[in-house]
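J.:
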Amino acid sequence: MSSQPLLSVGDLRVGFATEGGRLQAVDGVGFDLAPGEVLAIVGESGSGKSVTAQTILGLTRSPDSVIEGSVRLGGAELLNAGEAELRKVRGARVGMIFQDPMTSLNPVYRVGAQIVEAIRAHEPGTSKEEARERAIELLRSVGIAEAAQRVGDYPHEFSGGMRQRAMIAMALALEPEVLIADEPTTALDVTVQAQILRLLEDLNRSRNLATILITHDLGVVAEVADRVLVMYAGKVVEEGTLDQIFYDPQHPYTWGLLGSLSRLDRPRPQRLPQIGGAPPSLLAPPTGCAFRPRCPHEFGKCAEVPALDGRLPEAAAHRDRCWLDPEQKAERRQVEGGIGLEAPS
Amino acid sequence: MARFALRRLAGMVVVLFAVSLVTFAIFNLIPNSDPAQRLAGKNADAVLVKSIEEDWGFDEPLPVQYWETMKKIFSGELISYGDQLNVDEKIVEGIPATFSLCIGAAAIWLFFGILFGYLSALKPGGWLDRVLTVVAIAGISLPAFLLAAIFLYLLTFKLELFPAGGYVPLTEDPVDWAYHLILPWFTLAILNIGFYSRVLRSNMLDAMNEDYVRTARAKGLSERRVMTRHVLRNSLIPIVSLFGLDFAAMLGGGAIIVESIFGLNGVGQYAAESITNLDLPPIMAITMFGAFFVVLFSAVTDIFYAYLDPRIRLEASAR
Numbered sequence: 001m002s003s004q005p006l007l008s009v010g011d012l013r014v015g016f017a018t019e020g021g022r023l024q025a026v027d028g029v030g031f032d033l034a035p036g037e038v039l040a041i042v043g044e045s046g047s048g049k050s051v052t053a054q055t056i057l058g059l060t061r062s063p064d065s066v067i068e069g070s071v072r073l074g075g076a077e078l079l080n081a082g083e084a085e086l087r088k089v090r091g092a093r094v095g096m097i098f099q100d101p102m103t104s105l106n107p108v109y110r111v112g113a114q115i116v117e118a119i120r121a122h123e124p125g126t127s128k129e130e131a132r133e134r135a136i137e138l139l140r141s142v143g144i145a146e147a148a149q150r151v152g153d154y155p156h157e158f159s160g161g162m163r164q165r166a167m168i169a170m171a172l173a174l175e176p177e178v179l180i181a182d183e184p185t186t187a188l189d190v191t192v193q194a195q196i197l198r199l200l201e202d203l204n205r206s207r208n209l210a211t212i213l214i215t216h217d218l219g220v221v222a223e224v225a226d227r228v229l230v231m232y233a234g235k236v237v238e239e240g241t242l243d244q245i246f247y248d249p250q251h252p253y254t255w256g257l258l259g260s261l262s263r264l265d266r267p268r269p270q271r272l273p274q275i276g277g278a279p280p281s282l283l284a285p286p287t288g289c290a291f292r293p294r295c296p297h298e299f300g301k302c303a304e305v306p307a308l309d310g311r312l313p314e315a316a317a318h319r320d321r322c323w324l325d326p327e328q329k330a331e332r333r334q335v336e337g338g339i340g341l342e343a344p345s
Numbered sequence: 001m002a003r004f005a006l007r008r009l010a011g012m013v014v015v016l017f018a019v020s021l022v023t024f025a026i027f028n029l030i031p032n033s034d035p036a037q038r039l040a041g042k043n044a045d046a047v048l049v050k051s052i053e054e055d056w057g058f059d060e061p062l063p064v065q066y067w068e069t070m071k072k073i074f075s076g077e078l079i080s081y082g083d084q085l086n087v088d089e090k091i092v093e094g095i096p097a098t099f100s101l102c103i104g105a106a107a108i109w110l111f112f113g114i115l116f117g118y119l120s121a122l123k124p125g126g127w128l129d130r131v132l133t134v135v136a137i138a139g140i141s142l143p144a145f146l147l148a149a150i151f152l153y154l155l156t157f158k159l160e161l162f163p164a165g166g167y168v169p170l171t172e173d174p175v176d177w178a179y180h181l182i183l184p185w186f187t188l189a190i191l192n193i194g195f196y197s198r199v200l201r202s203n204m205l206d207a208m209n210e211d212y213v214r215t216a217r218a219k220g221l222s223e224r225r226v227m228t229r230h231v232l233r234n235s236l237i238p239i240v241s242l243f244g245l246d247f248a249a250m251l252g253g254g255a256i257i258v259e260s261i262f263g264l265n266g267v268g269q270y271a272a273e274s275i276t277n278l279d280l281p282p283i284m285a286i287t288m289f290g291a292f293f294v295v296l297f298s299a300v301t302d303i304f305y306a307y308l309d310p311r312i313r314l315e316a317s318a319r
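Sequence order for the protein chains is A and B. Here this note's numbering is used: the first residue of the first sequence is 1, the next is one more, and so on. Here this note's numbering is used: the first residue of the second sequence is 1, the next is one more, and so on.
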């Protein structure tokens, strides 16, 4: 990670003015993305991961939003960039795909036409025929069989997996440096999920495509990520490499996430473990550590917000927001022979 | 397509039958609507009334009378009880005026309705949206007869810009044709401009939250292209079905008030006169004429709909 980061997000804060007061959806998120790296952002619904992703491309459009911090792509600041500048980045340098491929394509235009539209938006000189040829080639490259015929289909004639492939083809049309995939497999069948993940992995390798993968599914993370950011209530609570997060997790929330995975290699539990309680309201977040109300290991110091720090001497890049010391953590995360979070009393 | 057409044709027969039956029944239930009495005049004696009843077939049972009336509508032999002129011919005479009025008004209301709706939706809550909202609600709230009166008073009698009414055939003098129709066109269009712009605005605001609009932005399309090609295009689909029925009802003689005020001598004015005189044959024929257009245009709308929204299949929508 010593090389120049391709995309650098610094202390990003996104708030929304609502009737109930200010809702801080993203609260000081920062990370670097290196060329060719796959960064997973993990968290439950409402943790701010999607807002983070959309804000990178200036797609957080609510007039009530307040956005602070910085987003730099290759050194150029995007947060205060004008609409025209952002348009040159969107689709061309940063491609994006979304959660629900069923609704992410416009139902009234042919799939090919929507890819052609993306190409010609950035390369107005390209003829329609040429752009169509490229669309066919792109569809073929993401694994659409008989792409030359299917290019003229409407989205409703595609299956969910094919639509997500078409979305990926569209996002890749201008060979972007970064792909932001916002829950790309959530709406798909498990078998199709695996295919789409394989495709993303192939693209990452063959094109050295840096990828931000947003998901709540740790299984997905384990498949493809190099590095992982765990988000909770708008903040990053833990950050580390895939192995660090899976084998040496430092934050109790991460333990809870890992502990609530169903595992085939263990005896089946009576009930799938879960993290007790519900995510906090972002309108009135708890004082101190946001996870405190749900954390069985809470103690006095938690009333203070823990900084995102490297707390392990041997791995400074593995950072977390938990006041417990590493030995206590190693001990307390052991639940029934694996990593987990006991139910709060 | 053939199956669709056949289904729609069968549907049309059923609708026309039902409409004619209801109209006929209502007319025969209205008190003081005995046509023989009306034909005979105010002080007619019973013998005259009796002979008229026999001549016109009013002494026959109602189903027979219904059957005879329907036969005459379709063979073009129907005679009005009032002026005793051929009904079908009168309707055909009124068609140019009515169609001129409706097609022109429709073009105006579609143009301004879409323009105002689009502009409103660009910046919801902005000053333009607020101004257009007031304009739209004023347009919806103003009844046609009041609007016509205001137009006539200000633009005709005070400023003497436009003629008070009358119809000049297009083939005779196109400029004069349009000149005479401008006030009726706008009188008829303004209500729908308000209505359509409000519907389009809310459709567009809904569409703006669609995932495919976010995708369009994420592709790097210009804001104008996102708004026209994605938001507006998809929001126009429901407008089409609204328009099909509104337009058909108007063509079928629905512009009764505007035609009468401006003396256009169209189908709507004929309808107004016939209703005033409780003259059954023209009422029957005009009702059927209107129902025919409504059914026809709902089929045309469905075809256009299927073209605009590829997810819709005609065979399925005909059911």
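A virtual CB, placed ideally from N, CA and C, is assigned to each residue, including glycine. Computed from a predicted model, the values in this text were never measured in an experiment.
Do S80 (chain B) and P281 (chain B) come within 8 Å of each other at the CB atom, strictly closer than that value?
T.: Working through the second sequence from its first residue, we reach residue 281 (chain B) at position 281. Working through the second sequence from its first residue, we reach residue 80 (chain B) at position 80. A contact, by the Cβ cut-off of 8 Å.
J.: For H230 (chain B), count neighbouring C-beta atoms within 10 Å of its own C-beta (all shown protein chains included) and say buried if the count is 16 or more, exposed if not.
T.: Taking the first residue of the second sequence as 1, we reach residue 230 (chain B) at position 230. Buried.
J.: Judging by CA-CA distance, which residue of B:R38, B:Y212, B:L29, B:K72 is the nearest neighbour of L59 (chain A)?
T.: As a position in the first sequence, residue 59 (chain A) is number 59, starting the count at 1. Of B:R38, B:Y212, B:L29, B:K72, the residue nearest in Cα terms is B:Y212.
J.: Any beta-carbon of chain A closer than 8 Å to the one on A306 (chain B)?
T.: Taking the first residue of the second sequence as 1, we reach residue 306 (chain B) at position 306. No, no contact with chain A.
J.: In chain order, which continuous runs of the alpha helix (DSSP H) of length 4 or greater are located wholly inside the segment 73-106 of chain A?
T.: Fully enclosed alpha helix (DSSP H) runs of 4 or longer: 83-89, 101-104.
J.: Going along the chain, which residues of the segment 227-255 of chain B sit with their C-beta nearer than 7 Å to a C-beta in chain A?
T.: For the segment 227-255 of chain B, which is checked against every Cβ of chain A, the residues closer than 7 Å are H230, R233, N234.
J.: On the CB-based measure, 16 or more other CB atoms within 10 Å of its CB, does D64 (chain A) come out buried or exposed?
T.: For the purposes of this step, residue 64 (chain A) is taken as the residue at position 64 of the first sequence. Result: exposed.
J.: CA-CA distance, E93 (chain B) and D173 (chain B)?
T.: In the second sequence, counting from the first residue as 1, residue 93 (chain B) sits at position 93. In the second sequence, counting from the first residue as 1, residue 173 (chain B) sits at position 173. Taking the straight line joining both Cα atoms gives about 18 Å.
J.: Based on the DSSP output, what are the partners of A210 (chain A) in its beta bridges?
T.: Along the first sequence, read from residue 1 onward, the residue named residue 210 (chain A) stands at position 210. A210 (chain A) pairs with A:V178.
J.: Using a C-beta to C-beta distance shorter than 7 Å, which residues of chain A count as neighbours of S222 (chain B)?
T.: On the second sequence, position 222 is the one that residue 222 (chain B) refers to. Neighbours of S222 (chain B) on chain A, chain order: R87.
J.: Looking at Q274 (chain A) and S260 (chain A), is the spacing between their C-beta atoms short of 8 Å?
T.: Here residue 260 (chain A) refers to the residue found at position 260 when the first sequence is read from its first residue. Here residue 274 (chain A) refers to the residue found at position 274 when the first sequence is read from its first residue. Yes.
J.: Could you tell me whether the segment 139-147 of chain A touches the segment 159-166 of chain A, using the rule of 3 or more Cβ pairs below 8 Å?
T.: Enough Cβ pairs lie closer than 8 Å, so yes.
J.: Assign D302 (chain B) to one of two classes, buried (16 or more other C-beta atoms within 10 Å of its C-beta) or exposed (fewer than that).
T.: For the purposes of this step, residue 302 (chain B) is taken as residue 302 along the second sequence, with counting starting at 1. So D302 (chain B) counts as buried.
J.: Please state if the CB of G161 (chain A) and the CB of L188 (chain A) are separated by a distance shorter than 8 Å.
T.: Along the first sequence, read from residue 1 onward, the residue named residue 188 (chain A) stands at position 188. Along the first sequence, read from residue 1 onward, the residue named residue 161 (chain A) stands at position 161. Yes, these two residues count as a Cβ contact at 8 Å.
J.: Is the beta carbon of G181 (chain A) sitting closer than 8 Å to the one on L213 (chain A)?
T.: Looking up residue 181 (chain A) in the first sequence gives position 181. Looking up residue 213 (chain A) in the first sequence gives position 213. Checking the sequence shown, residue 181 (chain A) turns out to be Ala, not Gly. Their beta carbons are under 8 Å apart, which means A181 (chain A) touches L213 (chain A) by this criterion.
J.: Give the range of the beta strand (DSSP E) segment to which F16 (chain A) is assigned.
T.: For the purposes of this step, residue 16 (chain A) is identified with residue 16 of the first sequence, where counting begins at 1. Run containing F16 (chain A): 7-18, per the beta strand (DSSP E) assignment.
J.: Going by CA-CA distance only, name the one from B:A207, B:D34, B:I190 that's closest to V108 (chain A).
T.: Counted from its first residue, the first sequence places residue 108 (chain A) at position 108. If we check each option's Cα against that of V108 (chain A), B:A207 comes out closest.
J.: At a Cβ threshold of 8 Å, is E210 (chain B) touching chain A?
T.: The sequence position of residue 210 (chain B) within the second sequence is 210, counting from 1. Chain A contact via Cβ: present.
J.: State the DSSP-derived secondary structure class of K235 (chain A), mapped to helix, strand or coil.
T.: Your numbering for residue 235 (chain A) matches position 235 in the first sequence. Looking at K235 (chain A) - three-state DSSP - the assignment turns out to be strand.
J.: At a Cβ threshold of 8 Å, is M96 (chain A) touching chain B?
T.: Reading the first sequence from its first residue, position 96 is the one you call residue 96 (chain A). Taking Cβ atoms only, chain B reaches closer than 8 Å to M96 (chain A), which makes this a yes.
J.: I'd like to check one pair, L199 (chain A) with L179 (chain A): are the Cβ atoms closer than 8 Å?
T.: The residue you call residue 179 (chain A) lines up with position 179 of the first sequence. The residue you call residue 199 (chain A) lines up with position 199 of the first sequence. Not a contact, by the Cβ cut-off of 8 Å.
J.: In whole angstroms, what separates the C-alpha of F31 (chain A) from that of M1 (chain B)?
T.: Residue numbering aside, residue 31 (chain A) sits at position 31 when the first sequence is read from its first letter. Residue numbering aside, residue 1 (chain B) sits at position 1 when the second sequence is read from its first letter. Cα to Cα, F31 (chain A) sits roughly 58 Å from M1 (chain B).
J.: Can you list, in chain order, the residues of its chain with a C-beta nearer than 8 Å to that of P326 (chain A)? Leave out the 5 residues immediately preceding and following it.
T.: Your numbering for residue 326 (chain A) matches position 326 in the first sequence. Closer than 8 Å at the Cβ level, and outside the excluded window around P326 (chain A), lie Q250, R311, L312.
J.: Count the other CB atoms, across all protein chains shown, that sit within 10 Å of the CB of R130 (chain B); report buried if there are 16 or more and exposed otherwise.
T.: The residue given as residue 130 (chain B) occupies position 130 in the second sequence. Exposed, since its Cβ has fewer than 16 Cβ neighbours within 10 Å.
J.: Short check: CB of V230 (chain A) to CB of G43 (chain A), under 8 Å?
T.: Working through the first sequence from its first residue, we reach residue 230 (chain A) at position 230. Working through the first sequence from its first residue, we reach residue 43 (chain A) at position 43. Yes, the pair counts as a contact, with Cβ atoms nearer than the cut-off.
J.: According to DSSP, is E68 (chain A) part of a helix, a strand, or is it coil?
T.: Residue mapping note: residue 68 (chain A) aligns to position 68 of the first sequence, counting from 1. DSSP places E68 (chain A) in strand when its eight states are reduced to three.
J.: Buried or exposed for I286 (chain B), please, with buried defined as at least 16 other CB atoms from any protein chain shown within 10 angstroms of its CB.
T.: For the purposes of this step, residue 286 (chain B) is taken as residue 286 along the second sequence, with counting starting at 1. Buried.
J.: At a Cβ threshold of 8 Å, is R313 (chain B) touching chain A?
T.: Numbered from its first residue, the second sequence carries residue 313 (chain B) at position 313. Output row for R313 (chain B): interface = no.
J.: Could you tell me how far apart the beta carbons of F82 (chain B) and N277 (chain B) are, in whole angstroms, since I believe they sit closer than 8 Å?
T.: For this step, residue 82 (chain B) is matched to residue 82 along the second sequence. For this step, residue 277 (chain B) is matched to residue 277 along the second sequence. Note that residue 82 (chain B) is Gly in the sequence shown here, rather than Phe. G82 (chain B) to N277 (chain B), Cβ: 5 Å. Contact.
J.: Give the DSSP-derived three-state secondary structure of P280 (chain A) in the structure shown.
T.: Indexing the first sequence from 1 puts residue 280 (chain A) at position 280. DSSP places P280 (chain A) in coil when its eight states are reduced to three.
J.: Hey, would you say S62 (chain A) sits closer than 8 Å to F16 (chain A), going by beta carbons?
T.: Here the question's residue 62 (chain A) lines up with position 62 in the first sequence. Here the question's residue 16 (chain A) lines up with position 16 in the first sequence. Yes, Cβ-Cβ distance for S62 (chain A) and F16 (chain A) is below 8 Å.
J.: Contact defined as beta carbons within less than 8 Å: I believe C102 (chain B) pairs with A255 (chain B). What is the distance between those atoms, to the nearest angstrom?
T.: If you number the second sequence from 1, residue 102 (chain B) lands on position 102. If you number the second sequence from 1, residue 255 (chain B) lands on position 255. Contact holds; Cβ gap of about 6 Å.
J.: Would you mind stating whether L188 (chain B) and A248 (chain B) have Cβ atoms separated by less than 8 Å?
T.: Position 188 of the second sequence, counting from 1, holds the residue named residue 188 (chain B). Position 248 of the second sequence, counting from 1, holds the residue named residue 248 (chain B). No. Outside cutoff.
J.: What does the Cβ neighbour count give for I193 (chain B), buried or exposed, with the cut at 16 atoms within 10 Å?
T.: As a first step, residue 193 (chain B) must be located in the second sequence, where it is residue number 193. It is buried - the Cβ of I193 (chain B) has at least 16 other Cβ atoms within 10 Å.
J.: Roughly how many whole angstroms lie between the Cα atoms of Y247 (chain A) and E342 (chain A)?
T.: Counting from one through the first sequence, the residue named residue 247 (chain A) turns up at place 247. Counting from one through the first sequence, the residue named residue 342 (chain A) turns up at place 342. Cα to Cα, Y247 (chain A) sits roughly 18 Å from E342 (chain A).
J.: In this structure, does DSSP put A147 (chain A) in helix, strand or coil?
T.: As a position in the first sequence, residue 147 (chain A) is number 147, starting the count at 1. DSSP places A147 (chain A) in helix when its eight states are reduced to three.
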